[in-house]
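Report on the structure given below.
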Amino acid sequence: MKVSTIIPNNPVFSKSLFTSLLLTFVFTVFVSIFYLGMPSKVTIIIRAAVVLFYAVLYFLMMKTGKVSRYRSIFFVTFAVLFVITFIANLFEIRGSMYLTRATSANLEVPFCHRSLLQSLLPLVFNQEIIHPARMAGMGASVAGMAALWFLSTFTVGKGFCSWICMFGGLDEGFSKLGGKKKRWNLDKFKNLRYLPFAVLIFTVLAAFFAYDAIYCKWFCAFKTTTEFVQIVDMKTFFAAVLFISIFATTVVAFPILTKKRTQCGLICPYGAFQSFFNKTTLFRVAIDKERCVNCKKCIGECPSFAITEEHIKKGEVGIACNRCGKCIDACPQNAIDYKIVGVPFTQRDRRFTQDANKPKWKLYLRGKLNEILDARVFLISTAFLFGTVVASFYIPSSIQRILNFINHGTFLLQ
Amino acid sequence: MRKIRYSILFILAILVFLSVPVFFMGFYNSFGKIIAGTLGIKINPVLSGGEVMAVFKDEAHDDKGTGSFTYPQAEAYRPYKGHLDLIQYIVKKPVHNGTRGYKDFWAVELVLGSIENPLNAPAGFSFPVINLYISVNGAKGGRLDAFLPGANVAFDPGHPWHYFIRVHGWVPDGKLYNHKGEEIGRVLVDIIKKTKDSDKKLRITIPIEKAPELMLLKEKDATYHYVIIGSYDPVESENFRAISQAASSAAGGGNPAPGLAPRIYDYLAPEGESQYAMLSGYDAANRKYAVLKPVKVVIGK
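Residue numbers (the working numbering), protein chains in the order written: chain P, 4 to 417; chain U, 10 to 310.
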């Protein structure tokens with residue numbers, strides 16, 4: 004029996020054209036169910052164009068083997084377009100971005116996944132949510148966000164932060180501006196990776212003892228892109244200055260200077276919270292120690308401070324890993340990849356196995372099967388589908404609004 | 010064994026992928042029911058105005074005062090019904106949370122036939138003027154007249170009122186008075202939309218830290234509420250629009266005794282009493298106003 008396994012020194016984990024097209028077809032069918040099959044005010048042409056956009060990105064992820072490059076295009080687009088629809092919605096419903104007393108009295112303050120954390124202890128002790136939000140319904144309700152948390156926790160874990168979160172694409176987008184050079188190197192401050200956990204503890208405890216959404220009211224950078232209390236006195240003025248300052252520094256300036264996602268990686272309490280659930284899924288990012296040459300490029304590339312030298316030695320990444328794929332794209336040895344827990348990297352290399360005794364068609368089919376039964380196919384498909392479904396509330400609507408703005412000078416559809 | 014293990018893991022990976030569309034198509038909405046229902050999770054009452062303590066239903070389409078009143082004939086009042094029609098009076102449990110950044114308050118809600126604002130009143134509703142009088146059982150003092158005289162009513166001598174709340178849509182918030190006639194605070198008035206009972210309702214939030222007798226209420230303590238609704242008028246006596254024998258564009262009609270009969274289109278009569286009879290109970294011979302009876306609200310029930 005002649006069996007040979009020739010693993011290239013620097014294998015590119017791209018798929019063949021046939022496999023890429025096949026996988027893209029299957030993915031597109033699922034996406035189409037949500038974009039084309041659901042009732043929507045957005046024209047079918049826009050929705051179809053968005054599905055095509057996703058299909059192209061997915062195909063490129065499969066064909067080129069580059070994950071983060073194409074994920075990032077989706078993620079940043081999602082964040083920018085989310086802001087357009089969200090703010091336009093506020094103007095349509097309330098006439099302004101201001102959070103009014105009537106909005107609070109009507110329990111219509113949008114609820115986001117970050118708000119969930121502030122109700123953790125009130126939920127445990129009093130079964131109460133300390134946010135004037137809708138309890139149920141699609142979109143920004145308590146149940147909607149709880150559902151998002153539940154599903155992401157058991158499917159993509161902290162992958163939520165780089166595939167699904169509607170805010171994360173903003174600091175990722177800014178981190179791409181101003182060239183690739185880091186003006187500030189934060190990698191040398193190893194203890195920075197504990198900062199999000201401190202923010203998380205502060206957020207949870209402050210909310211409980213004040214019995215109020217302190218993080219939302221004072222520290223959320225993304226209030227600037229969504230809604231905030233009308234400035235009527237010094238207190239509200241100070242809060243607005245604080246929102247804008249935190250946004251300007253952690254979402255705009257620091258990402259440009261450090262090439263890191265400083266808002267998400269350093270001060271997002273939800274990201275820290277999700278870190279505890281990073282091992283509740285089947286998928287991991289792992290380092291093949293045999294192939295790794297310890298160049299440490301992954302440490303510098305990781306936007307969420309999740310890789311250290313200790314992690315490289317252990318062949319794993321930290322719990323803060325967003326599964327964004329940046330280290331995978333950057334690794335010159337292709338030593339980093341997604342894996343399914345319990346399935347070793349050797350299984351990934353089966354596609355390079357040749358068995359001269361087996362008929363060619365059988366080898367061909369087996370090769371294709373091995374290409375498909377790949378952790379990265381499952382992780383990317385799951386996370387990207389999840390992200391596109393969440394984005395279905397915003398991306399098509401925003402495109403329609405942009406077209407409306409070009410034609411009629413307004414982002415408002417009503 | 011290894012192959013079986015790997016196969017199981019790959020099948021699980023496929024199921025994880027499929028869970029996303031299945032979840033969004035089938036279970037996303039059920040989550041709300043599970044969270045709100047099964048687990049008993051609710052929005053903090055401080056934010057939702059408090060838990061409902063008592064609900065009083067008032068007959069619909071009885072916005073006719075003594076039984077014969079009609080709306081003014083101005084176009085704005087179309088369809089000449091509903092604007093001043095009390096459907097429900099909801100009393101919520103007092104919320105005491107002063108130590109946690111919120112003031113102590115007590116909210117009541119009024120479901121009306123319709124809440125509309127064709128005249129662009131600042132508070133979002135154009136037509137009703139609402140007087141709410143609260144009598145605290147066992148409290149000293151109190152008074153039996155309407156204090157602001159426009160309504161043309163008097164109150165049950167067994168339940169003199171201690172606090173009076175005046176609300177209309179032409180100022181952003183309402184006023185809270187004590188029985189000495191002193192303005193002791195402002196009440197918040199919010200329009201609550203998309204309720205189960207109707208499209209909208211009015212929520213009046215009373216800052217009870219300004220009202221000692223209300224602040225110190227305990228469970229089983231009783232209060233008595235008089236709820237009366239007139240038609241807002243910017244120039245008439247204390248904002249209660251005049252109701253004449255014949256309606257005009259500026260005055261209601263169908264009043265058998267103008268100047269003596271209550272200028273009230275709807276009133277929350279206690280169980281067993283008739284609104285029409287009570288509002289018609291004025292004494293024309295001795296020029297005495299009709300005497301109203303309150304509804305009883307026991308704290309903690």
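Beta carbons are placed, not taken as given, at the ideal position from N, Cα and C, and that holds for glycine.
Owing to the predicted nature of the structure, the values given are computational and were not obtained by experimental measurement.
Problem set entry | Interface positions of the segment 338 to 349 of chain P facing chain U (Cβ-Cβ less than 9 Å), listed along the chain | I343, V344, G345 and V346
Exercise. Is there at least one Cβ from chain U nearer than 8 Å to L245/P's Cβ?
Worked result: no
Exercise. By Cβ distance below 6 Å, which residues in the same chain neighbour H188/U in space, the five residues on each side in sequence not counted?
Worked result: G150, G151, R152 and H171
Exercise. Just the Cα atoms here: how many angstroms apart are G268/U and Y186/U?
Worked result: 25 Å
Problem set entry | Contact set for Y101/P: own chain, Cβ-Cβ below 8 Å, skip 5 residues either direction | E230, F231, V232 and Q233
For this session: Please report the Cβ distance between S178/P and K262/P, rounded to the nearest whole angstrom; I am assuming they are in contact, meaning their Cβ atoms lie under 8 Å.
Result: 5 Å
Exercise. Which residues, in order along the segment 378 to 398 of chain P, keep a beta-carbon less than 7 Å from a beta-carbon of chain U?
Worked result: F381, S384, T385, L388, F389 and V392
Problem set entry | Alpha-carbon to alpha-carbon, F170/P and A149/P | 17 Å
For this session: Leaving out five residues on either side along the sequence, give the residues of the same chain with a beta carbon under 7 Å from the beta carbon of N264/U.
Result: F78, I252, S253, Q254 and A270
Problem set entry | Candidates T158/P, I343/P, S107/P and S401/P, of which the one nearest L376/P by Cα | I343/P
Exercise. Considering only residues of the same chain and omitting the five flanking positions on each side of G390/P, which have a CB-CB separation below 8 Å?
Worked result: F77, F78, F81, W166 and I167
Exercise. Do the segment 26 to 34 of chain U and the segment 105 to 121 of chain P make contact, defined as three or more Cβ pairs closer than 8 Å?
Worked result: no
For this session: Look up E374/P in the DSSP assignment and say whether it is helix, strand or coil.
Result: helix
Exercise. Taking the beta strand (DSSP E) that D199/U falls in, what are its first and last residues?
Worked result: E192 to K202
For this session: Consult DSSP for L415/P and reduce its assignment to one of helix, strand or coil.
Result: coil
Exercise. Which residue comes first and which comes last in the beta strand (DSSP E) that contains Y98/U?
Worked result: L95 to K101
For this session: Using a cut-off of 7 Å between C-beta atoms, extract the partners of D199/U located in chain P.
Result: R104, A105 and A108
Exercise. What are the residues of the segment 120 to 141 of chain P that lie near chain U, defined by any Cβ-Cβ distance shorter than 9 Å?
Worked result: S122, P125, L126, N129, Q130, E131, I132, I133, H134, P135, A136, R137, M138, A139, G140 and M141
Problem set entry | Reference I308/U, options Y233/U, N248/U, D292/U and M287/U, closest by Cα | Y233/U
Exercise. What in chain U is Cβ-close to F33/P, meaning under 7 Å?
Worked result: P30
For this session: Go ahead and pull the three-state DSSP assignment for P216/U.
Result: strand
Exercise. Can you give the Cα-Cα distance for R109/U and D94/U, rounded to whole angstroms?
Worked result: Confidence in R109/U is poor, its pLDDT being 46 and thus under 50, which makes the residue's placement too unreliable to answer from.
For this session: Please confirm if T46/P has its CB atom under 8 Å from at least one CB of chain U.
Result: no
Exercise. Relative to the C-alpha of I50/U, which residue among A51/P, V127/P and I87/P is closest?
Worked result: V127/P
Problem set entry | Contact belief for Q97/U with F65/U at Cβ below 8 Å, rounded distance in angstroms | 7 Å
Exercise. With 8 Å set as the bound, which would you pick, yes or no: does the beta-carbon of A146/P sit closer than that to a beta-carbon of chain U?
Worked result: yes
Exercise. Considering only residues of the same chain and omitting the five flanking positions on each side of L124/P, which have a CB-CB separation below 8 Å?
Worked result: V207, L208, A210 and F211
Exercise. Based on Cα-Cα distance, which residue from P279/U, V306/U and K112/U lies nearest to A231/U?
Worked result: V306/U
Problem set entry | Reduced DSSP secondary structure (H/G/I, E/B, other) of D242/U | coil
Exercise. Could you check where the alpha helix (DSSP H) with V31/U kicks off and where it finishes?
Worked result: R11 to V31
For this session: Take I302/P and list the residues in its own chain whose beta-carbon comes closer than 8 Å to its own, dropping the five residues that flank it on each side.
Result: D190, I310, T311, E312 and I315
For this session: Could you tell me which uninterrupted beta strand (DSSP E) segments, each at least 3 residues in length, are contained entirely in the segment 42 to 105 of chain U, listed from first to last along the chain?
Result: 61 to 66 and 95 to 101
Exercise. Can Y241/U and P303/U be called in contact, C-beta distance under 8 Å?
Worked result: no
For this session: List the residues of chain P that A163/U touches, going by C-beta distances under 7 Å, in chain order.
Result: Neighbours of A163/U on chain P: none; closest Cβ ~34 Å, over 7 Å.
For this session: List the residues that DSSP assigns as beta-bridge partners of T232/U.
Result: V145/U and V306/U
Problem set entry | Ordered list of alpha helix (DSSP H) runs contained in the segment 222 to 254 of chain P, each at least 4 residues | 237 to 249
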